[in-house]
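There are 2 protein chains.
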Amino acid sequence: MASEFWTDDPTRLLRVGRGFELRDVDPDATPGTDSDKQLGRDELERQAQVLRGLQEKLFAQSRLGARGRLLVVLQAMDAAGKGGIVNHVFSQTEPYGLALTAFKAPTEEERAHDFLWRVEPRVPGPGVIGVFDRSHYEDVLVQRVHGLAGPEEIERRYGAIIDFERRIADDGVRIVKIMLHVSPEEQAERLLSRLDDPEKRWKYNPGDVDERVHWPAYMEAFQTAIERTNAEHAPWFVVPANAKWYARVAVQRIVIAALQELGPEWPEPDFDVAAERARLEATADLRWPG
Amino acid sequence: MASEFWTDDPTRLLRVGRGFELRDVDPDATPGTDSDKQLGRDELERQAQVLRGLQEKLFAQSRLGARGRLLVVLQAMDAAGKGGIVNHVFSQTEPYGLALTAFKAPTEEERAHDFLWRVEPRVPGPGVIGVFDRSHYEDVLVQRVHGLAGPEEIERRYGAIIDFERRIADDGVRIVKIMLHVSPEEQAERLLSRLDDPEKRWKYNPGDVDERVHWPAYMEAFQTAIERTNAEHAPWFVVPANAKWYARVAVQRIVIAALQELGPEWPEPDFDVAAERARLEATADLRWPG
């Protein structure tokens, strides 16, 4: 994908590798580009066409039996921009081929089951891009930070997540896991601006401040979760997100790269085109009212 | 909503009233406008902003307890443009507030239940726009045309649909039912162009020709279903759809009018804004890494 916007491949630059340290990631950085907000918006529009084309092929081929699909997991601290990613990147796709799940605090029924019980039914079907806004990773992040599950149970969950992701990957699900990384200063600014703007105030949740004060513990939990569950078939990407325009265009690029690896193609029909044309033409004089 | 595009209100013109006769609707007409395709596209973009603004308020107020929501039922013959409506009208909304269900031929499990069993769980929740691509109306259309259900059972279903829609309307669901109306000639052209284009061929289904020959019986079934289930709280709109640009901009306008009737407002916060600001500012010096 030729582009003047990217000077280097953000998919490679943002992918978590050996020896990854979250504390070394600068939330203000814009790896892979020297461009600015306006150019970022232009690139977002340009890449949207590419994304939509790939999505349409992925969906089309599933109608004739192909099983490929994509699961995008979004994790972040509050106000880091998950909603913006959904509304600016994934809203550019076709609704038929998009399955968004926003995981909330588990219900009483969900808590009575294993933590993956509510996740399994949300795995996207063939041809679909599934997006998890929060996910099974909450069960090793918020639950660890607040001690809602003990260390042994958290250990068990890392293993369960690895097995789960391995299994669905073997079944044709391409998995991409993304952490949007903001600084605590940036989060404070965004939460304040939500309080200030009557049209944004509904997004503010007093609980966000309660979580915010646990920032170091959350970062430690992210570091460990990422280390423990990063895999070739289910890679983590950590995206600097203080600049919203950068996070959006970078996530879009990561998603495009994953779709390109799935390599969708227009499917071959399973019917005889000439015969169908003849059948159709035989009904050409149909009129109503007659 | 001031607009130079509309010379008359399409919502009023397309709404089914007493003495409605489907055979009197011209699929080539463009009620309420003298404009053309290019102006239709411009209007679609303009109205999209209005739709998105209303949707965001509807979703926002639901986060603080409001129960209003919208259900849009789309019914039509094959290739009439349901998919285009979804991809050009509803793809312009935010994914969080959109719940699309494409109903297929019922599964064995679904057939073992009453026809509304699979519909109930798909009724949109508070703040959401639900879109049904096909719906419970298939059970009085295709099932009637092919005699899959007898006359008494079809009669029972009209009554069951009326009760069902009355009940969910009483619970806060604003219902809008739309038939996209194409001519059989236009359908033939569209099916042929699907056959001709390798990038559209996957949309072609040999079964479409089998259904097509039952056109008069389908129109009779539509006429009766519309007559029997048209109601103040669940009105039918019949939208001429030979011109795709018209159908899209008209459906968009109908949806906007329904949202305006719901009258969503930015919700008032249920917390003390000044107190929250103080709590947040007390954490302003949080840094990580420390």
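Taken in sequence, the protein lines are chains Y and H. Using the numbering used here, the first residue of the first sequence is number 735, and each one after it goes up by one. Using the numbering used here, the first residue of the second sequence is number 735, and each one after it goes up by one. Built from N, CA and C at the ideal position, the CB exists for glycine as well.
Can you check whether the C-beta of residue i is within less than 8 Å of a C-beta belonging to chain H?
| i | result |
| --- | --- |
| Y:Phe866 | no |
| Y:Ala981 | no |
| Y:Leu875 | no |
| Y:Thr1017 | yes |
| Y:Met913 | no |
| Y:Trp851 | no |
| Y:Ala1012 | no |
| Y:Leu996 | no |
| Y:Phe1005 | yes |
| Y:Leu993 | no |
| Y:Pro860 | no |
| Y:Val943 | yes |
| Y:Leu1020 | yes |
| Y:Arg775 | no |
| Y:Arg946 | yes |
Could you compute how far the alpha carbon of residue i sits from the alpha carbon of residue j?
| i | j | result |
| --- | --- | --- |
| Y:Thr1026 | Y:Glu828 | For chain Y, the structure presents residues 735 to 1024; residue 1026 of chain Y sits outside this window and is missing. |
| Y:Asp812 | Y:Ala1018 | 58 Å |
| H:Arg878 | H:Ala981 | 27 Å |
| H:Asp743 | H:Ala800 | 29 Å |
| H:Gly753 | H:Met953 | 16 Å |
| H:His915 | H:Pro974 | 5 Å |
| H:Thr963 | Y:Arg946 | 52 Å |
| H:Arg845 | H:Ser769 | 46 Å |
| Y:Phe1005 | H:Gly818 | 24 Å |
| H:Leu798 | H:Ala1008 | 19 Å |
| Y:Leu792 | Y:Pro1001 | 9 Å |
| H:Glu966 | H:Ile909 | 10 Å |
| Y:Tyr871 | Y:Glu899 | 12 Å |
| H:Pro1003 | Y:Ala794 | 44 Å |
| H:Ala984 | H:Glu790 | 21 Å |
| Y:Pro840 | H:Ser825 | 29 Å |
| H:Ser927 | Y:Lys978 | 42 Å |
| H:Ala1016 | Y:Asn939 | 16 Å |
| Y:Gln986 | Y:Arg1021 | 47 Å |
| H:Val972 | Y:Leu805 | 38 Å |
| Y:Val865 | H:Gly751 | 42 Å |
| Y:Lys838 | Y:Val853 | 12 Å |
Does any CB atom of chain Y fall closer than 8 Å to the CB of residue i?
| i | result |
| --- | --- |
| H:Glu872 | no |
| H:Tyr892 | no |
| H:Trp949 | yes |
| H:Gly1024 | yes |
| H:Ser927 | no |
| H:Met735 | Per-residue confidence for H:Met735 stands at a pLDDT of 48, beneath the threshold of 50, marking its modelled position as unreliable; the derived number appears in the next sentence. Not one chain Y Cβ lies under 8 Å of H:Met735. |
| H:Ser825 | yes |
| H:Asn976 | no |
| H:Glu933 | yes |
| H:Val820 | yes |
| H:Ala1039 | No statement about residue 1039 of chain H is possible, as the shown extent of chain H runs from 735 to 1024 and does not include it. |
| H:Pro885 | no |
Below 6 Å CB to CB, which residues in the same chain sit around residue i once its five sequence neighbours on both sides are set aside?
| i | result |
| --- | --- |
| H:Leu747 | Pro765 and Gly766 |
| H:Pro860 | Ser796, Arg801 and Arg803 |
| H:Arg1013 | none |
| Y:Ala814 | Leu914, Val916 and Ala975 |
| Y:Lys937 | Arg928 |
If I measure Cβ to Cβ from residue i and keep anything under 8 Å in the same chain, skipping five residues before and after, which residues do I get?
| i | result |
| --- | --- |
| Y:Leu875 | Gln809, Tyr952, Ala955, Phe956 and Ala959 |
| H:Ile990 | Met735, Gln781, Val784, Leu785 and Leu788 |
| H:Trp851 | Glu844 |
| H:Ser917 | Pro761, Asp762 and Asn976 |
| H:Trp949 | Met811 and Pro918 |
| Y:Lys934 | Ser927 and Arg928 |
| H:Glu999 | Lys791 and Gln795 |
| Y:Val857 | Leu805, Gly864, Ile902 and Val907 |
| H:Glu995 | Arg908 |
Among the residues of its own chain, which have a CB less than 7 Å from the CB of residue i, if the five just before and after it don't count?
| i | result |
| --- | --- |
| Y:Phe739 | Thr767, Ser769, Leu773 and Glu777 |
| Y:Tyr892 | Val874, Arg962 and Thr963 |
### Query
Unbroken alpha helix (DSSP H) runs of length 4 or more, entirely within the stretch 966 to 1010 of chain Y: which are they?
Segments of the alpha helix (DSSP H) lying fully in the stretch 966 to 1010 of chain Y: 978 to 996.
### Query
In the stretch 813 to 839 of chain H, which residue ranges form an unbroken alpha helix (DSSP H) of at least 4 residues, counting only runs that do not cross its ends?
DSSP runs (the alpha helix (DSSP H)) wholly in the stretch 813 to 839 of chain H: 816 to 822.
### Task
With 8 Å as the limit, tell me which residues of the stretch 739 to 762 of chain Y have their beta carbon closer than that to any beta carbon of chain H; keep them in chain order.
Contacts with chain H (Cβ-Cβ distance below 8 Å) from the stretch 739 to 762 of chain Y involve Arg757, listed in chain order.
### Query
What are the residues of the stretch 782 to 812 of chain H that lie near chain Y, defined by any Cβ-Cβ distance shorter than 7 Å?
Residues Ala794, Arg797 and Leu798.
### Query
Can you give, in chain order, each stretch of the beta strand (DSSP E) that sits fully within the stretch 841 to 908 of chain Y and has at least 3 residues?
Those beta strand (DSSP E) runs which fall completely within the stretch 841 to 908 of chain Y and span 3+ residues are 863 to 867.
#### Entry: Unbroken stretches of the alpha helix (DSSP H), 4 residues or longer, contained in the stretch 904 to 971 of chain H
You should have 918 to 930, 941 to 946 and 949 to 963.
### Message
Give me the subset of the stretch 828 to 858 of chain Y whose CB atoms are less than 9 Å from a CB atom of chain H, sorted by chain position.
### Response
Taking 9 Å as the cut-off between beta carbons, the residues of the stretch 828 to 858 of chain Y near chain H are Glu828, Pro829, Tyr830, Leu832, Leu834 and Ala836, in sequence order.
### Query
Can you list, in chain order, the residues of the stretch 961 to 974 of chain H whose Cβ is nearer than 8 Å to any Cβ on chain Y?
Result list empty, no residue passes.
### Query
Hey, which unbroken runs of the beta strand (DSSP E) at 3 residues or more fall wholly within the stretch 761 to 800 of chain Y?
As far as the stretch 761 to 800 of chain Y is concerned, it has no whole beta strand (DSSP E) run of at least 3 residues.
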